[in-house]
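Each residue of the sequence shown is one higher than the last, beginning at 82 in my numbering.
In this text, a Cβ means the ideal position worked out from N, Cα and C, and glycines have one as well.
Comments concern the structure below.
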Amino acid sequence: MTFDALITPSLLLDKARFFNNIAAMAARAKALGVRLRPHMKTCKSVAVGRHVLGGDWDAIAVSTLVEARAFFEAGVRDIRYTAPFAAEKLAAIAPMIQDGLHFEVLLDNAVSAARLGEAAAALNADVAVMIELDIDGYRGGCRPDGEGFQALLRTLDASPHLSLQGLYSYGGKTYGLPDRTEREALIEKHRRVLSQTAETLRKAGRTIGTVGLGGSPPLQTAQTLEGLTEACAGVFVFEDLAQAGVGVTRLDDIAVTVLASVVQHAPDSGRVYIDAGSLALAQDRSTAKQAHDQGYGLVCDAETCEPLGDGDLIVAAVSQEHGQIRRRDGGPAPAELLPVGARVRVMPNHVCMTANPYEGYHVVEKGAVTAWWPRANGWSV
82 MTFDALITPS LLLDKARFFN NIAAMAARAK ALGVRLRPHM KTCKSVAVGR HVLGGDWDAI
142 AVSTLVEARA FFEAGVRDIR YTAPFAAEKL AAIAPMIQDG LHFEVLLDNA VSAARLGEAA
202 AALNADVAVM IELDIDGYRG GCRPDGEGFQ ALLRTLDASP HLSLQGLYSY GGKTYGLPDR
262 TEREALIEKH RRVLSQTAET LRKAGRTIGT VGLGGSPPLQ TAQTLEGLTE ACAGVFVFED
322 LAQAGVGVTR LDDIAVTVLA SVVQHAPDSG RVYIDAGSLA LAQDRSTAKQ AHDQGYGLVC
382 DAETCEPLGD GDLIVAAVSQ EHGQIRRRDG GPAPAELLPV GARVRVMPNH VCMTANPYEG
442 YHVVEKGAVT AWWPRANGWS V
């Protein structure tokens, strides 16, 4: 099938780039001596996951119940839920647990642990717990030297259906550090605190099976992950402009793009519009503070995926279903490159967000669409 047969906007997945990204990250994990637990929140697709996991159809991470169910039904038996987990959701997971699922959640406080313990007891469902540590103040987690950490441990000890699996931290702050030296220093801080906390708990007689660090930039940047057993990453499978902007990937590695059509010109104002707006591209502006502000996405040739013009054509503004193409400096887009009816591909700022509204991926090989890989979208099961 050719691109002309697709209704725009459509989500395209370049298979060659995708495979290269998988191979590169697998090699990084092996070199650093950690197990790679792929996070499926980016792809939300069993078809994609089969290639990411290869023959090791085993441990993954997810962020929704829909993802968990889709992969469990496909045969995965070790699933970690990394988003904040409301105890009420356990009712949807309990039948899978009783049918052989090893299910892990992240917890950082005793109150949530107590609620989950009560739900687990009522459902007769065993849940493994990764304690999330707050190491860089970015998002969730508890401090390992605080009373909250000790209270959480006591709550886990008192909950017969909850068991301590290990420790985890998310290196989310690394996504905003283009300076490699700063990024390496922060990753080293995560490694040091995680490994030291694990060793302290082991000396106290506790079994710590997994010590994991989350995020793609940490695995792509780390000099060493000694003392850790696992890296959990997801965006690496597709990559995006935000990742390229901090220097952990290249534009040529970005595997997912949005195919759009030029639908309107406004010659007096120099405006060129495509049929992909805020719903098709997402409103994520994660490149806005980087050296190159990519607006709502970088505009590329439909066939080659090479950036158009001087590489400075971006989607500068969006409404719900329309995007306006301009030069990065605010100048008008060259209308001769973008006639009405032309097709373009838009590289996303944050691929996890951009892919979200689409039902699946049109898989591209050598300029032709060769497959359709569906996504497991939504929240309710």
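Would you mind working out which of the options sits nearest residue i, comparing C-alpha positions?
{"i": "A336", "options": "C313, L93, G459 and A369", "result": "L93"}
{"i": "G351", "options": "L237, D391, D374 and Q405", "result": "Q405"}
{"i": "Q304", "options": "I289, E265 and R273", "result": "E265"}
{"i": "V380", "options": "E402, A423 and Q371", "result": "A423"}
{"i": "A341", "options": "A201, R408 and V427", "result": "V427"}
{"i": "R116", "options": "G156, L306, K125 and E228", "result": "L306"}
{"i": "L204", "options": "L214, L275, G181 and H242", "result": "H242"}
{"i": "A155", "options": "A142, A168 and G130", "result": "G130"}
{"i": "H346", "options": "V327, V339 and P413", "result": "P413"}
{"i": "S400", "options": "K170, A151, T435 and S359", "result": "S359"}
{"i": "D382", "options": "H403, V339 and Q371", "result": "V339"}
{"i": "S144", "options": "N437, A449, V450 and P455", "result": "N437"}
{"i": "H373", "options": "E387, D393 and Q364", "result": "D393"}
{"i": "R273", "options": "L258, G308, D260 and D334", "result": "G308"}
{"i": "H132", "options": "G441, A285, K96 and E169", "result": "K96"}
{"i": "A398", "options": "R409, G390 and E446", "result": "R409"}
{"i": "A173", "options": "R196, T330, A195 and A200", "result": "A200"}
{"i": "H183", "options": "A195, A142 and D215", "result": "A142"}
{"i": "E402", "options": "V344, Q371 and Q375", "result": "V344"}
{"i": "K270", "options": "G290, P299 and R287", "result": "P299"}
{"i": "G198", "options": "D215, E213 and A175", "result": "A175"}
{"i": "Y162", "options": "A449, N102, E185 and K170", "result": "E185"}
{"i": "L146", "options": "L134, F166 and G136", "result": "F166"}
{"i": "V327", "options": "Q375, G135 and E213", "result": "Q375"}
{"i": "L258", "options": "S297, D85 and I103", "result": "S297"}
{"i": "P415", "options": "L237, F230, Y354 and R261", "result": "Y354"}
{"i": "E417", "options": "G390, D139, L171 and Q301", "result": "G390"}
{"i": "S126", "options": "R366, F319 and T368", "result": "F319"}
{"i": "V329", "options": "C313, T302, A314 and V316", "result": "T302"}
{"i": "L214", "options": "A202, G229, L237 and F317", "result": "G229"}
{"i": "M177", "options": "A151, A164 and A195", "result": "A151"}
Report back the beta-carbon spacing between residue i and residue j to the nearest angstrom; my notes put them in contact at under 8 angstroms.
{"i": "D189", "j": "G221", "result": "5 angstroms"}
{"i": "D356", "j": "T89", "result": "6 angstroms"}
{"i": "G293", "j": "Y249", "result": "5 angstroms"}
{"i": "T281", "j": "L362", "result": "Wrong, their Cβ atoms sit about 46 angstroms apart, outside the cutoff."}
{"i": "G247", "j": "M211", "result": "5 angstroms"}
{"i": "T123", "j": "V432", "result": "6 angstroms"}
{"i": "D321", "j": "N458", "result": "That pair is no contact at about 18 angstroms."}
Buried or exposed, going by whether 16 or more other CB atoms sit within 10 Å of the CB of residue i?
{"i": "T310", "result": "buried"}
{"i": "V192", "result": "exposed"}
{"i": "V421", "result": "exposed"}
{"i": "S461", "result": "exposed"}
{"i": "P119", "result": "buried"}
{"i": "R407", "result": "buried"}
{"i": "R331", "result": "exposed"}
{"i": "Q179", "result": "exposed"}
{"i": "P225", "result": "buried"}
{"i": "P348", "result": "exposed"}
{"i": "K370", "result": "exposed"}
{"i": "A104", "result": "exposed"}
{"i": "A86", "result": "exposed"}
Does DSSP classify residue i as helix, strand or coil?
{"i": "V192", "result": "helix"}
{"i": "C313", "result": "strand"}
{"i": "C223", "result": "strand"}
{"i": "T354", "result": "This sequence places Tyr at residue 354; Thr is not what is there. Residue state, collapsed to three classes: strand."}
{"i": "L419", "result": "coil"}
{"i": "S359", "result": "helix"}
{"i": "L389", "result": "coil"}
{"i": "Q301", "result": "helix"}
{"i": "M428", "result": "strand"}
{"i": "T236", "result": "helix"}
{"i": "V329", "result": "coil"}
{"i": "L187", "result": "strand"}
{"i": "R407", "result": "strand"}
{"i": "Q324", "result": "helix"}
{"i": "Q231", "result": "helix"}
{"i": "A436", "result": "helix"}
{"i": "E402", "result": "coil"}
{"i": "T89", "result": "coil"}
{"i": "A97", "result": "helix"}
{"i": "A452", "result": "strand"}
{"i": "L214", "result": "strand"}
{"i": "I103", "result": "helix"}
{"i": "L340", "result": "strand"}
{"i": "T291", "result": "strand"}
{"i": "D382", "result": "strand"}
{"i": "Y442", "result": "strand"}
{"i": "L204", "result": "helix"}
Length-filtered (4 minimum) alpha helix (DSSP H) runs lying within the region 259 to 287: 261 to 284
Just list the alpha helix (DSSP H) runs in the region 105 to 178, keeping only unbroken ones of 4 residues or longer that don't cross its boundaries, in chain order. 127 to 134 and 146 to 154
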